[in-house]
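J.:
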Amino acid sequence: EQVVRIARRTEPGEHGGHGGAPDGAGAAGHGAGPPLYALLENALAVEQAYAIASAHPSLRGVSIGEADLRADLGVRQDTGLDWCRARVVVAARAAGLAPPAQSVHPDIRDLEGLAASCAHGRSLGFLGRAAIHPRQLPIIERAYLPTDRELEEAETVVKAATMDPGAQALADGRFIDAAVVAAARRTLALARRC
């Protein structure tokens with residue numbers, strides 16, 4: 003309800019607070035209004051993640067407000083939110099949205115913890131992260147940009163697919179098909195954008 007109300011706004015710069023469950027979800031896409039981003043901050047919002055992600059054509063992304071969600075669920079351990087994180091990644095992709103960005107890492111002095119958390123988030127399907135301090139930015143960037151090895155592997159896959167577009171096994175024994183090629187192309191595109 004709250005997301006639908008927010009999605010109907012047309013004034014630039016307006017944003018919403020806690021996510022809830024919308025009625026009458028539609029297909030996600032690019033509407034004529036200002037871009038909207040939904041922040042899922044409670045159990046109901048996570049439970050309705052797909053409905054929210056597909057609620058309005060101006061919605062460009064969803065992500066989790068982890069501090070509020072953690073308080074709502076009574077979760078103390080960081081890994082206690084992994085199911086919620088995965089749920090939001092799947093909902094975003096199912097709605098045709100880009101992979102979500104991770105929530106902020108609240109301890110600006112814990113750069114090792116930030117790096118580990120980014121690596122974990124990337125393994126769950128997140129792409130990027132919100133930051134609350136400039137010193138966090140280089141670590142976040144390093145964590146989400148493809149490594150040299152990932153780029154090399156992606157180039158190998160795309161080159162092999164160009165020579166033979168069908169499913170095949172590479173010289174190193176890896177099997178590739180259309181899905182693997184698409185992922186490799188996304189990796190190369192991400193590197194080119196940065």
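According to my numbering, the sequence shown holds residues 3 to 196 in order.
Here a beta-carbon is modelled for each residue, glycine too, at the ideal position from N, C-alpha and C.
1. Give the range of the alpha helix (DSSP H) segment to which R119 is assigned.
2. Between which residues of its own chain and P102 is the CB-CB distance below 7 angstroms, once the five residues before and five after are set aside?
3. For S65, write down the residues that DSSP places opposite it in a beta bridge.
4. What did DSSP end up calling Q50 once you bin it into helix, strand or coil?
5. With 16 as the cutoff for other CB atoms within 10 Å, does Q50 come out buried or exposed?
6. From R124, A185, I141 and C86, pick the residue whose C-alpha is nearest to that of L153; which is it?
7. Going by Cα to Cα distance, which pick from R194, T164, V77 and E68 is closest to T149?
8. Which class does Q138 belong to by DSSP, given the choice of helix, strand or coil?
9. Taking only the alpha-carbon atoms, compute the straight-line gap between V160 and V77 and give it to the nearest angstrom.
10. Which of the three DSSP states is assigned to R188 in this structure?
11. Label L139 either buried or exposed according to how many other C-beta atoms from any shown protein chain fall within 10 Å of its C-beta, with 16 as the threshold for buried.
12. Looking only at its chain, what residues have a beta carbon closer than 8 angstroms to the beta carbon of L99, apart from the 5 residues adjacent to it on each side?
13. Can you name the start and end residues of the alpha helix (DSSP H) that T158 belongs to?
T.: The short version:
1. Here the sequence assigns Ser to residue 119, which means Arg is not the residue at that position. From DSSP, the alpha helix (DSSP H) with S119 extends over L113 to L126.
2. G63, V64, S65, V90, V91, A94 and F128
3. Answer is L41, bridged to S65.
4. coil
5. buried
6. A185
7. R194
8. helix
9. 42 angstroms
10. helix
11. Classification of L139: exposed, given that the 10 Å Cβ count is below 16.
12. A30, A55, L61, R62, G63 and V64
13. Per DSSP, T158 is one residue of the alpha helix (DSSP H) stretching across D150 to M165.
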